[in-house]
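Q: The structure's right below; bear with me while I get my questions together.
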Ligand SMILES: [Zn+2]
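In my numbering, the protein residues as written are 3 to 251.
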């Protein structure tokens, strides 16, 4: 009986091994990305700034604050294209999603312009998604139409509500801004700490905001709506993230 059962066990083991070997070979050949996914891709929460209708109801600028600001504004508008900021930010956000989705877990805060999500809610949703980074896409406007260039905003270390997330946010902003500026060749208006942004103050995860350019500058407005230029922006963001998170190619 002992001999028989050990033979049976041996046969079962051989069957198990022979049936598993090809599966394993398949997995290592075809599925390094799905393996990476299983072992923890970084979660990037993409917030396309604004929405078709602003919401002027007020909300606290930070948790527990008595200072209030409108929930969400409708943003600026292109002087040459006539395009509202909320449309531009969604165009870029959707392209960014496509470029990132193989190597990151992407959370989109909106895929439509017809939404009503306040700035504090946007931050809260990225928190709840367990994001490694909340990435806010915006475009600038100014009465002086000669002003152009990209700005990179990050939460101030002086603000009590963002003290914890400020250092890592700045580190990511440094790496990402360098990559985006290299790819786009845009004029840099620098890295700017902010303590007055609701979307930063409610965030519990590292966060940064890219002002991709001035829609009130004719030349830059036209450029921001070009597919090729938008591709450069999203490629720059991808390269920056890959470099910061050391995503292997
Ligand atoms: Zn904006």
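Don't be surprised by glycine CBs; every beta carbon is placed ideally from N, CA and C.
If you follow the beta strand (DSSP E) that residue 57 is in, where does it begin and where does it stop?
A: Here residue 57 refers to the residue found at position 55 when the chain shown is read from its first residue. 57-62 is the extent of the beta strand (DSSP E) around residue 57.
Q: With a cut-off of 8 Å on the beta carbons, I'd call residue 223 and residue 214 a contact; round off their distance for me.
A: As a first step, residue 223 must be located in the chain shown, where it is residue number 221. As a first step, residue 214 must be located in the chain shown, where it is residue number 212. With 8 Å as the limit, residue 223 and residue 214 do not qualify as a contact, their Cβ atoms being about 11 Å apart.
Q: For residue 69 and residue 197, what's the separation of their Cα atoms in angstroms?
A: Residue mapping note: residue 69 aligns to position 67 of the chain shown, counting from 1. Residue mapping note: residue 197 aligns to position 195 of the chain shown, counting from 1. About 12 Å.
Q: Go ahead and label residue 225 buried or exposed: buried means 16 or more other beta carbons lie within 10 angstroms of its beta carbon, across all protein chains shown.
A: Within the chain shown, the letter at position 223 stands for residue 225. Buried is the call here.
Q: Hey, quick one: how far does the alpha helix (DSSP H) through residue 230 stretch, first residue to last?
A: Looking up residue 230 in the chain shown gives position 228. 229-247 is the span of the alpha helix (DSSP H), which, as asked, contains residue 230.
Q: Give the secondary structure of residue 250 by DSSP, where H, G and I count as helix, E and B as strand, and everything else as coil.
A: The sequence position of residue 250 within the chain shown is 248, counting from 1. Coil, per DSSP.
Q: Which residues in the same chain as residue 171 place their Cβ atom closer than 7 Å to its Cβ, once the five residues preceding and following it in sequence are excluded?
A: Your numbering for residue 171 matches position 169 in the chain shown. The residues are 156, 157, 208, 209 and 210.
Q: Tell me whether residue 149 sits in a helix, a strand or coil according to DSSP, three-state version.
A: Along the chain shown, read from residue 1 onward, the residue named residue 149 stands at position 147. Looking at residue 149 - three-state DSSP - the assignment turns out to be coil, as it is neither helix nor strand.
Q: When the Cα atoms are used, what is the spatial distance from residue 122 to residue 131?
A: Locating residue 122 in the chain shown gives position 120, counting from the first residue. Locating residue 131 in the chain shown gives position 129, counting from the first residue. Whole-angstrom Cα-Cα distance: 14 Å.
Q: State the DSSP-derived secondary structure class of residue 25, mapped to helix, strand or coil.
A: Numbered from its first residue, the chain shown carries residue 25 at position 23. At residue 25, the pLDDT of 37 sits below 50, so the modelled position is not reliable and the matter cannot be decided from this model.
Q: To the nearest angstrom, how far is it from the Cα of residue 150 to the Cα of residue 138?
A: By 1-based counting over the chain shown, the position of residue 150 is 148. By 1-based counting over the chain shown, the position of residue 138 is 136. About 19 Å.
Q: By a C-beta neighbour count over all protein chains shown, 10 Å radius and 16 as the cutoff for buried, is residue 169 buried or exposed?
A: For the purposes of this step, residue 169 is taken as residue 167 along the chain shown, with counting starting at 1. So residue 169 counts as exposed.
Q: Could you give the first and the last residue of the continuous alpha helix (DSSP H) run that contains residue 201?
A: For the purposes of this step, residue 201 is taken as residue 199 along the chain shown, with counting starting at 1. 200-203 is the span of the alpha helix (DSSP H), which, as asked, contains residue 201.
Q: Once DSSP output is grouped into helix, strand and coil, what is the label at residue 107?
A: Here residue 107 corresponds to residue number 105 of the chain shown, with the count starting at 1. Three-state DSSP puts residue 107 in a strand.
Q: Give me the Cα-Cα distance between residue 246 and residue 175, rounded to the nearest whole angstrom.
A: Here residue 246 is taken as the residue at index 244 of the chain shown, counted from 1. Here residue 175 is taken as the residue at index 173 of the chain shown, counted from 1. So the two alpha carbons sit approximately 10 Å from each other.
Q: State yes or no: is the C-beta of residue 192 within less than 9 Å of the C-beta of residue 153?
A: As a first step, residue 192 must be located in the chain shown, where it is residue number 190. As a first step, residue 153 must be located in the chain shown, where it is residue number 151. Contact: yes.
Q: Quick check: is any heavy atom of ligand 1 less than 8 Å from the C-beta of residue 87?
A: As a working note, residue 87 is residue 85 in the chain shown. Flag set: Cβ of residue 87 near ligand 1.
Q: Where does residue 190 sit, in a helix, a strand or coil, going by DSSP?
A: Counting from 1 along the chain shown, the entry for residue 190 is found at position 188. In this structure, residue 190 counts as strand in the three-state DSSP scheme.
Q: I think residue 186 touches residue 242, with their Cβ atoms under 8 Å apart; what is that distance to the nearest whole Å?
A: By 1-based counting over the chain shown, the position of residue 186 is 184. By 1-based counting over the chain shown, the position of residue 242 is 240. Not a contact, Cβ separation roughly 12 Å.
Q: Helix, strand or coil, according to DSSP, for residue 119 in the structure here?
A: Along the chain shown, one-based indexing puts residue 119 at 117. In the structure shown, residue 119 sits in coil (DSSP, three-state: anything other than H, G, I, E or B).
Q: Heavy atom of ligand 1 less than 8 Å from the Cβ of residue 141, yes or no?
A: Counting from one through the chain shown, the residue named residue 141 turns up at place 139. Because some heavy atom of ligand 1 lies under 8 Å away, the Cβ of residue 141 counts as near it: yes.
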